[in-house]
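A short write-up of the structure that comes next.
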Amino acid sequence: KILVIGASGQIGVELTMALREIYGNNNVVASDLREENPLLKGSGPYVSIDVMNKEMLHVQVIRQGITQIYLLAAILSATGEKNPGLAWHLNMQGLLNVLDIAREENIHKVYWPSSIAVFGPTSPKQNCPQQTIIEPTTVYGISKYAGEFWCNYYHMKYGVDVRSIRYPGLISYKSAPGGGTTDYAIEIFHDALEEKRYVSFLEENTYLPMMYMPDAIRATIELMEAPKERISVRTSYNVAGLSFSPKEIAAEIKKHIPDFEIIYQPDYRQEIAGSWPRSIDDAVARRDWGWKHEYDLAAITEDMLKNLPSVMK
Ligand code: VAH
5 KILVIGASGQ IGVELTMALR EIYGNNNVVA SDLREENPLL KGSGPYVSID
55 VMNKEMLHVQ VIRQGITQIY LLAAILSATG EKNPGLAWHL NMQGLLNVLD
105 IAREENIHKV YWPSSIAVFG PTSPKQNCPQ QTIIEPTTVY GISKYAGEFW
155 CNYYHMKYGV DVRSIRYPGL ISYKSAPGGG TTDYAIEIFH DALEEKRYVS
205 FLEENTYLPM MYMPDAIRAT IELMEAPKER ISVRTSYNVA GLSFSPKEIA
255 AEIKKHIPDF EIIYQPDYRQ EIAGSWPRSI DDAVARRDWG WKHEYDLAAI
305 TEDMLKNLPS VMK
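For reference, each letter of the sequence shown is one residue, going 5 to 317 in UniProt numbering.
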């Protein structure tokens, strides 16, 4: 039985839906601090869990007969810079609670996302490799990089089969984003449809590694289903989708909404975005477990503009 912690979040909702599709609704227990997301209501078990309450989490893992844990709960980059202490505490302690319970209860597999946010200004900007200089300059990046080493430690010392992916910015329409710097690439679609105008908090040529949610969900499942002998990285895998700038995504939207306009008013998130690579080298994930992304900017734009209206009403 699988437990998804953070099942009401941007990734959690879609990951829970995908896992239920594969393993059966009642074999995937959704949990969050917040209430159950409407898209999940009625499709399977839901329990309220605070990942910071280790004892309660431990009880639920035993009571629900959990054998796999997906930990999605975290405070993202932009929110994290406004609440450094809380971001560090939740992101770090939440992971340590899960890793400890996984060791004690012999949980078969654990999934925990890292992020391209681990890379800092001293990392290569283009095709940033799996192993390179990594000096994060955001609390979120620091917590994710430290978490990667804890995952590697629990695998090395206790044999916990924990696997991880460094997600790029994720674009989706089914559930709201969670306070990230890359959220502009989601907000732009909402505003294009509602107002035909978007005020971008990043400068026009800020290239960032991005990925459409269907690709990210598929990457997660493919990694978790890969034979353990294929897994050579027990910190976290680079995976790449595409890279684009606010200027480029705006131009793509204009192909569908000709009078759409964008203006640029960079804020504190510009510095965060500027510290990250422009593109990622995912050769190791491709070699180890056959990763390959599918959605390009044209396909993402078309799918977002087609599906967002039905979600926004
Ligand atoms: C954020 N969406 O912006 C997340 C992600 C690479 C970015 O980690 O914080």
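C-beta: ideal position from N, C-alpha, C; glycine also.
| Check | Outcome |
| --- | --- |
| Contact test: residue 172 Cβ vs the ligand VAH heavy atom, cutoff 7 Å | yes |
| Endpoints, beta strand (DSSP E) assigned at residue 248 | 246–248 |
| First and last residue of the uninterrupted beta strand (DSSP E) at residue 64 | It is not in any beta strand (DSSP E) - residue 64 instead sits in the alpha helix (DSSP H) that spans 58–67. |
| Contact set for residue 271: own chain, Cβ-Cβ below 7 Å, skip 5 residues either direction | 205 |
| Spatial distance of residue 144 from residue 44 (CA atoms) | 28 Å |
| Continuous alpha helix (DSSP H) stretch holding residue 165: start and end | No alpha helix (DSSP H) holds residue 165; DSSP gives it neither H nor E. |
| Proximity below 8 Å, CB of residue 71 to CB of residue 26 | no |
| Limits of the unbroken beta strand (DSSP E) element including residue 5 | Per DSSP, residue 5 belongs to no beta strand (DSSP E) and is neither H nor E. |
| Cβ-heavy atom distance, residue 80 to the ligand VAH, below 7 Å | yes |
| Buried versus exposed call for residue 233 [16 or more other C-beta atoms within 10 Å across all chains shown] | exposed |
| Enclosing alpha helix (DSSP H) for residue 86 [first to last residue] | 81–86 |
| contact_flag[the segment 132–152, the segment 192–201] where n(CB pairs < 8 Å) is 3 or more | no |
| Three or more C-beta pairs below 8 Å linking the segment 49–59 and the segment 86–104 | yes |
| Within 8 Å, strictly: CB atoms of residue 235 and residue 81 | no |
| Residue environment, residue 315, which counts as buried when at least 16 other CB atoms sit within 10 Å | exposed |
| Beta-carbon proximity of residue 129 to residue 281, cut-off 8 Å | yes |
| Any non-hydrogen atom of the ligand VAH closer than 7 Å to residue 216 Cβ | no |
| Close-in-space but distant-in-sequence residues of the same chain around residue 241 (CB under 6 Å, 5 per side omitted) | 169, 289 |
| Within the segment 228–298, ranges of the beta strand (DSSP E) (whole runs, at least 3 residues) | 246–248, 265–268 |
| Sequence-distant residues of the same chain with beta carbon closer than 6 Å to residue 107, five excluded per side | 162, 164 |
| Environment of residue 187 [buried if 16+ CB atoms lie within 10 Å] | buried |
| Integer Cβ distance of residue 1 from residue 100, believed to fall under 8 Å | Outside the modelled stretch of the chain, which goes from 5 to 317, sits residue 1, for which no answer is possible. |
| Secondary structure of residue 54, DSSP reduced to three states | coil |
| Length at least 4, wholly inside the segment 114–190: the alpha helix (DSSP H) runs in chain order | 143–162 |
| Identity of the residues DSSP links to residue 90 by a beta bridge | For residue 90, which the question treats as bridged, DSSP gives no partner whatsoever. |
| Range of the contiguous alpha helix (DSSP H) that encloses residue 78 | Run containing residue 78: none; DSSP gives neither H nor E here. |
| Inter-residue spacing [alpha-carbon to alpha-carbon] between residue 287 and residue 228 | 18 Å |
| Extent of the continuous alpha helix (DSSP H) to which residue 212 belongs | Looking at the DSSP string, residue 212 is not in any alpha helix (DSSP H); the run it does join, the beta strand (DSSP E), is 212–216. |
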